[in-house]
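Line by line, the protein sequences are chains A and B.
Residue 113 is where the first sequence starts when you use the numbering used here, and the numbers rise one by one after that.
Residue 113 is where the second sequence starts when you use the numbering used here, and the numbers rise one by one after that.
C-beta: ideal position from N, C-alpha, C; glycine also.
Bear in mind that the values here come from a model prediction, so they are computed numbers and not experimental data.
For reference, the structure discussed in these notes is given below.
Number of protein chains: 2
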Amino acid sequence: MKNKEIQEQRMKGYFLEAAKELLKAEGLKSISVRNIAERAGYSYATLYSYFRDLNELIFLCVQDFYEECKEQVQQVTRKKEKGIKKLKAAIRAYADFFIQYPGIFDLFFTETIGNAPNKKQVLELIQHSLDSICEEDWHYCMSWGLLPGDRIGLMKSQLRHSLLGLLLLYLNRSTPASYVDFVSRFNVLVNAIIDDHLPGAMAAGRQTTVNNALISVKIGNNK
Amino acid sequence: MKNKEIQEQRMKGYFLEAAKELLKAEGLKSISVRNIAERAGYSYATLYSYFRDLNELIFLCVQDFYEECKEQVQQVTRKKEKGIKKLKAAIRAYADFFIQYPGIFDLFFTETIGNAPNKKQVLELIQHSLDSICEEDWHYCMSWGLLPGDRIGLMKSQLRHSLLGLLLLYLNRSTPASYVDFVSRFNVLVNAIIDDHLPGAMAAGRQTTVNNALISVKIGNNK
DNA sequence: CAAAAATAATTAACAATGTTAAAATAAAAA
DNA sequence: TTTTTATTTTAACATTGTTAATTATTTTTG
Numbered sequence: 113m114k115n116k117e118i119q120e121q122r123m124k125g126y127f128l129e130a131a132k133e134l135l136k137a138e139g140l141k142s143i144s145v146r147n148i149a150e151r152a153g154y155s156y157a158t159l160y161s162y163f164r165d166l167n168e169l170i171f172l173c174v175q176d177f178y179e180e181c182k183e184q185v186q187q188v189t190r191k192k193e194k195g196i197k198k199l200k201a202a203i204r205a206y207a208d209f210f211i212q213y214p215g216i217f218d219l220f221f222t223e224t225i226g227n228a229p230n231k232k233q234v235l236e237l238i239q240h241s242l243d244s245i246c247e248e249d250w251h252y253c254m255s256w257g258l259l260p261g262d263r264i265g266l267m268k269s270q271l272r273h274s275l276l277g278l279l280l281l282y283l284n285r286s287t288p289a290s291y292v293d294f295v296s297r298f299n300v301l302v303n304a305i306i307d308d309h310l311p312g313a314m315a316a317g318r319q320t321t322v323n324n325a326l327i328s329v330k331i332g333n334n335k
Numbered sequence: 113m114k115n116k117e118i119q120e121q122r123m124k125g126y127f128l129e130a131a132k133e134l135l136k137a138e139g140l141k142s143i144s145v146r147n148i149a150e151r152a153g154y155s156y157a158t159l160y161s162y163f164r165d166l167n168e169l170i171f172l173c174v175q176d177f178y179e180e181c182k183e184q185v186q187q188v189t190r191k192k193e194k195g196i197k198k199l200k201a202a203i204r205a206y207a208d209f210f211i212q213y214p215g216i217f218d219l220f221f222t223e224t225i226g227n228a229p230n231k232k233q234v235l236e237l238i239q240h241s242l243d244s245i246c247e248e249d250w251h252y253c254m255s256w257g258l259l260p261g262d263r264i265g266l267m268k269s270q271l272r273h274s275l276l277g278l279l280l281l282y283l284n285r286s287t288p289a290s291y292v293d294f295v296s297r298f299n300v301l302v303n304a305i306i307d308d309h310l311p312g313a314m315a316a317g318r319q320t321t322v323n324n325a326l327i328s329v330k331i332g333n334n335k
């Protein structure tokens, strides 16, 4: 009875790995039962012995992709010293992950999730992905008084939604047209949300912040 | 030669009308060539005499839906007196339009637009839809000094992206779960963006604004 | 170890999709 | 009224997700 379980998990793993590879390489539109099964080395109908349907299979990838995203963000920001700059870098790395894998963005935010078994947890994981990945940075900035604790909830929420909208327009609507312009808009938005809530940055310093953001576009930084 | 043109436009109209009805009633997932053609009273292949493919047809609906959205926003906010409250009401009505017709949201923001003939204009229309629909209100608030003119660009951009992210999570990820909660979050976000930039509302008044937004959730206002 | 039972995997099949080519119908011109 | 042209429809194809029937493989049992 234990072997059964092990073998079943192994089989599931083959299909999951194939689906993940395909999703990262070709995107959601290229995902199909026959495609996945072929890459896994089985017939298409075999998939249905281990998953209720295609929907269940692809949404089982979410957990792994979340871990991968988290790992990548941590790797990019590892050397940076803690503080607001690192927090911003983490948010940027989070965005870059989805730009690198648009198929994962689709899976996370646009593909309809039907009746996956653990639907609720998957939705929670997706919705809080940005917050939980940046949790340490938020906590550091808050505990050292770099950010006002009573406004962090609002800032998180603003960032989550703004970044989601920004990514959606960039990935699905080619707006803005280039990655450089995307980064520019990204910086404006992030700085407007974070810097404007900085303890010291009231009336006087605000406009400067935003203008600086517009100027501080680094070219050739990524992709 | 003129009759030819008229008849062709008429035929296109039948298919477009059918597609629009279907999209509003059933959503994008129920859109199919055979479905549209049946509703239009023709065979499925006839559609290809008037449109290059399905993609062209459905993205030709965008213009009409934009007008309809604009009309609905104006109708809802017509009686309100000009000012910031009316501006907020317009933004809210814009959001409500997409909540009423999730299929139109999908069409505008998530469906992949392939090679529609006027692709560029369609993308422009979609991207600036919120701004252009609320243009009068922005202009009024600015010219009467209710909002600082040098920050309106930033505010528009923040609103556009935040609202898009909010709608995406609500419509495609059931987050938040209820419409009441959606309106609550909507108010928090909109107020945080608009009120915090108000000329008079600096350091002192800000937190109050946000908290009020959390409280001022109107129940049973819509849908 | 060989026959029977249970399990696993594959092929066949179905309905629905977008799209194209051939056939049939309707309209216009001669 | 016949011929030509334009329009609409039916047939067909490839691809999709999914299920049922069939085959191959493993496990159990005598």
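Delimiting residues of the alpha helix (DSSP H) encompassing Glu223 of chain B: Position 111 of the second sequence, counted from the first residue, corresponds to residue 223 of chain B. No residue range can be given for Glu223 of chain B, since it is assigned to no alpha helix (DSSP H) and is classified by DSSP as neither H nor E.
Candidates B:Leu280, B:Asn230, B:Gly257 and B:Cys246, of which the one nearest Asn167 of chain B by Cα: In the second sequence, the residue the question calls residue 167 of chain B occupies position 55. Cα-wise, what sits closest to Asn167 of chain B is B:Asn230.
Tell me which residues share the same chain as Gln184 of chain B and place their Cβ nearer than 6 Å to its Cβ, disregarding the 5 neighbours each side in the sequence. For the purposes of this step, residue 184 of chain B is identified with residue 72 of the second sequence, where counting begins at 1. Phe209.
Distance CB(His251 of chain A)-CB(Gly277 of chain B) smaller than 8 Å: By 1-based counting over the first sequence, the position of residue 251 of chain A is 139. By 1-based counting over the second sequence, the position of residue 277 of chain B is 165. Contact flag unset, no.
So which residues on chain A does Val295 of chain B lean against when the C-beta distance must stay under 9 Å? Working through the second sequence from its first residue, we reach residue 295 of chain B at position 183. Those do not exist, as Val295 of chain B stays about 15 Å from chain A at its closest Cβ, beyond 9 Å.
Shorter than 8 Å from the beta carbon of Gln239 of chain A to some beta carbon of chain B? Looking up residue 239 of chain A in the first sequence gives position 127. True, the Cβ-Cβ gap to chain B drops below 8 Å.
Using the C-alpha atoms, what's the distance from Lys132 of chain B back to Phe171 of chain B? Counting from one through the second sequence, the residue named residue 171 of chain B turns up at place 59. Counting from one through the second sequence, the residue named residue 132 of chain B turns up at place 20. Roughly 10 Å separates the two Cα atoms.
For Val302 of chain B, would you say it is in contact with chain A, using Cβ-to-Cβ distances shorter than 8 Å as the test? The residue given as residue 302 of chain B occupies position 190 in the second sequence. Taking Cβ atoms only, chain A never reaches closer than 8 Å to Val302 of chain B, which makes this a no.
Beta-carbon neighbours of Thr158 of chain A, restricted to chain B and to distances below 8 Å: Reading the first sequence from its first residue, position 46 is the one you call residue 158 of chain A. Near Thr158 of chain A there are no residues of chain B at all, since even the closest Cβ is about 27 Å away, more than 8 Å.
Residues in the same chain with beta-carbon distance under 6 Å from Arg151 of chain A, minus the five sequence neighbours each way, listed in chain order, please. As a position in the first sequence, residue 151 of chain A is number 39, starting the count at 1. Excluding sequence neighbours, Arg151 of chain A sits near Ala130.
Min CB distance Asn284 of chain B to chain A below 8 Å: For the purposes of this step, residue 284 of chain B is taken as the residue at position 172 of the second sequence. Answer yes: the Cβ-Cβ gap between Asn284 of chain B and chain A drops below 8 Å somewhere.
Pick from B:Lys124, B:Arg122 and B:Arg285 that is closest to Asn227 of chain A, judged by C-alpha positions: For this step, residue 227 of chain A is matched to residue 115 along the first sequence. Taking only the C-alpha atoms, the option nearest Asn227 of chain A is B:Arg285.
Can you check which of these residues, A:Gly125, A:His240, A:Lys182 and A:Gly261, is closest to Phe163 of chain A by C-alpha distance? In the first sequence, counting from the first residue as 1, residue 163 of chain A sits at position 51. Cα-wise, what sits closest to Phe163 of chain A is A:Gly125.
Please classify Tyr206 of chain A as buried or exposed, where buried requires at least 16 other C-beta atoms within 10 Å of its C-beta. For the purposes of this step, residue 206 of chain A is identified with residue 94 of the first sequence, where counting begins at 1. Buried, because 16 or more other Cβ atoms sit within 10 Å of the Cβ of Tyr206 of chain A.
In angstroms, rounded to a whole number, what distance separates the CA positions of Lys116 of chain B and Gln175 of chain B? Position 4 of the second sequence holds residue 116 of chain B. Position 63 of the second sequence holds residue 175 of chain B. Their backbone Cα atoms lie some 24 Å apart in a straight line.
Of all the CB atoms in chain B, is at least one closer than 8 Å to the CB of Gly226 of chain A? Here the question's residue 226 of chain A lines up with position 114 in the first sequence. At least 8 Å separates the CB of Gly226 of chain A from every CB of chain B.
For Gly277 of chain B, the first and last residue of its enclosing alpha helix (DSSP H): Walking along the second sequence from the start, residue 277 of chain B turns up at place 165. Unbroken alpha helix (DSSP H) run through Gly277 of chain B: Ile264 to Arg285.
Run through chain A and tell me which residues come within less than 8 Å of Leu258 of chain B, C-beta to C-beta. Indexing the second sequence from 1 puts residue 258 of chain B at position 146. Simply none; closest approach about 18 Å.
Give me, in chain order, the residues of the same chain whose beta-carbon lies closer than 6 Å to that of Ile118 of chain A; leave out the 5 immediate sequence neighbours on both sides. Taking the first residue of the first sequence as position 1, residue 118 of chain A is located at position 6. Excluding sequence neighbours, Ile118 of chain A sits near nothing in its chain.
By DSSP, does Glu129 of chain A sit in helix, in strand, or in coil? Taking the first sequence and counting its residues from 1, the one referred to as residue 129 of chain A is at position 17. The answer is helix: DSSP assigns Glu129 of chain A an H, G or I state.
Starting from Arg272 of chain B, find everything on chain A with Cβ-Cβ shorter than 7 Å and list it in chain order. For this step, residue 272 of chain B is matched to residue 160 along the second sequence. Neighbours of Arg272 of chain B on chain A, chain order: Gly277.
Quick check on Gln186 of chain A: buried or exposed, where buried means 16 or more other Cβ atoms within 10 Å of its Cβ? Position 74 of the first sequence, counted from the start, is the residue given in the question as residue 186 of chain A. Exposed.
Between B:Leu134, B:Thr287 and B:Phe127, which lies nearest to Glu236 of chain A when the distance is taken from Cα to Cα? As a first step, residue 236 of chain A is located in the first sequence; it is residue number 124 there, counting from the start. Among B:Leu134, B:Thr287 and B:Phe127, the Cα nearest to that of Glu236 of chain A belongs to B:Thr287.
Taking the straight line between their C-alpha atoms, what separation do you get for Lys268 of chain B and Val300 of chain A? Sequence index remark: in the second sequence, residue 268 of chain B carries index 156 (1-based). Sequence index remark: in the first sequence, residue 300 of chain A carries index 188 (1-based). Rounded to whole angstroms, Lys268 of chain B to Val300 of chain A spans 12 Å at the Cα level.
Between the segment 196-206 of chain A and the segment 240-256 of chain A, are three or more C-beta pairs nearer than 8 Å? yes
Of all the CB atoms in chain B, is at least one closer than 8 Å to the CB of Lys116 of chain A? Counting from 1 along the first sequence, the entry for residue 116 of chain A is found at position 4. Not closer than 8 Å to any Cβ of chain B, the Cβ of Lys116 of chain A fails to qualify, so no.
Taking only the alpha-carbon atoms, compute the straight-line gap between Lys198 of chain A and Leu259 of chain A and give it to the nearest angstrom. For this step, residue 198 of chain A is matched to residue 86 along the first sequence. For this step, residue 259 of chain A is matched to residue 147 along the first sequence. Between the C-alpha atoms of Lys198 of chain A and Leu259 of chain A there is a straight-line separation of about 13 Å.
Within 8 Å (strictly less), CB to CB, does Phe221 of chain A reach chain B? For the purposes of this step, residue 221 of chain A is identified with residue 109 of the first sequence, where counting begins at 1. Taking Cβ atoms only, chain B reaches closer than 8 Å to Phe221 of chain A, which makes this a yes.
Phe217 of chain B beta carbon less than 8 Å from that of Leu169 of chain B: Numbered from 1 along the second sequence, position 57 holds the residue referred to as residue 169 of chain B. Numbered from 1 along the second sequence, position 105 holds the residue referred to as residue 217 of chain B. No. Outside cutoff.
Do you know offhand how far Gly139 of chain B's Cα is from Leu219 of chain B's? For this step, residue 139 of chain B is matched to residue 27 along the second sequence. For this step, residue 219 of chain B is matched to residue 107 along the second sequence. Going by the C-alpha atoms only, they are around 9 Å apart.
Cα-Cα separation, Thr224 of chain B to Ala137 of chain A: For the purposes of this step, residue 224 of chain B is taken as the residue at position 112 of the second sequence. For the purposes of this step, residue 137 of chain A is taken as the residue at position 25 of the first sequence. So the alpha carbons of these two residues sit roughly 18 Å apart.
Could you give the distance in angstroms between the alpha-carbon of Ile331 of chain A and the alpha-carbon of Asp307 of chain B? Position 219 of the first sequence, counted from the first residue, corresponds to residue 331 of chain A. Position 195 of the second sequence, counted from the first residue, corresponds to residue 307 of chain B. Because Ile331 of chain A sits at a pLDDT of 37, beneath the cut-off of 50, its placement in the model cannot be relied upon, and the following sentence gives the value as read from the coordinates. So the two alpha carbons sit approximately 34 Å from each other.
With 8 Å set as the bound, which would you pick, yes or no: does the beta-carbon of Thr189 of chain B sit closer than that to a beta-carbon of chain A? Translated into positions along the second sequence, residue 189 of chain B becomes position 77. So no, Thr189 of chain B is outside the interface.
Anticipated Cβ contact below 8 Å, Gln270 of chain A with Ile305 of chain A, distance rounded: Taking the first sequence and counting its residues from 1, the one referred to as residue 270 of chain A is at position 158. Taking the first sequence and counting its residues from 1, the one referred to as residue 305 of chain A is at position 193. About 5 Å separates the beta carbon of Gln270 of chain A from that of Ile305 of chain A, a gap short enough to meet the 8 Å contact definition.
Residues of its chain near Leu283 of chain B, where Cβ-Cβ distance is below 6 Å and the 5 sequence neighbours each way are ignored: The residue labelled residue 283 of chain B in the question sits at position 171 within the second sequence. Cβ within range, chain order: Pro214 and Phe217.
Residues of chain A with CB under 8 Å from Ser269 of chain B, in chain order? As a working note, residue 269 of chain B is residue 157 in the second sequence. Within 8 Å Cβ-Cβ: Arg297, Val300 and Leu301.
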